[in-house]
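A.B. asks: Numbering (UniProt numbering), first residue to last: 1 to 90. Please see the structure below; I have some questions.
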Amino acid sequence: MESALLKEFQLQHKNPSLEALLRWRSAVTLVKNHRRRFRMVADLDKRVEAQRIRQGIKNLRKHILSELWMVRELKKSDGGILKRYLHVES
């Protein structure tokens with residue numbers, strides 16, 4: 001039943017994939033008044049760059065959280081190990 005409904009009501013995605021946008025742009029390379037035609041269309045290069053920046057922020061967040069978790073666990077277990085790890089002299 002569900003597959004029959006999907007076949008009948010093929011809708012375009014609200015946010016098409018990057019590959020679909022690239023195929024569409026390559027198909028309409030020769031257009032009249034290019035600036036006006038693509039004025040409201042997202043800049044694909046900036047979209048890819050923003051995704052790369054978001055991924056970098058996620059990776060940094062993972063590293064910071066793991067370091068904080070390790071310091072917290074070291075504080076729980078033994079203060080002497082923590083002092084050696086952080087190079088703190090008492």
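Built from N, CA and C at the ideal position, the CB exists for glycine as well.
In angstroms with no decimal places, state the Cα-to-Cα distance between residue 90 and residue 75.
C.D. replies: To locate residue 90, count along the sequence shown from 1; it is residue 90. To locate residue 75, count along the sequence shown from 1; it is residue 75. In this predicted model, residue 90 has a pLDDT of only 48, less than 50, meaning its place in the structure is not dependable; the value taken from the coordinates is given anyway. Computed Cα separation, rounded: 15 Å.
A.B. asks: Can you list, in chain order, the residues of its chain with a C-beta nearer than 8 Å to that of residue 48? Leave out the 5 residues immediately preceding and following it.
C.D. replies: Here the question's residue 48 lines up with position 48 in the sequence shown. Hits under 8 Å: 18.
A.B. asks: Roughly how many whole angstroms lie between the Cα atoms of residue 29 and residue 59?
C.D. replies: The residue given as residue 29 occupies position 29 in the sequence shown. The residue given as residue 59 occupies position 59 in the sequence shown. Computed Cα separation, rounded: 37 Å.
A.B. asks: Measure the C-alpha to C-alpha separation of residue 52 and residue 45 and round it to an integer number of angstroms.
C.D. replies: Stepping through the sequence shown from its first residue, residue 52 is reached at position 52. Stepping through the sequence shown from its first residue, residue 45 is reached at position 45. Approximately 11 Å, taken between the alpha carbons.
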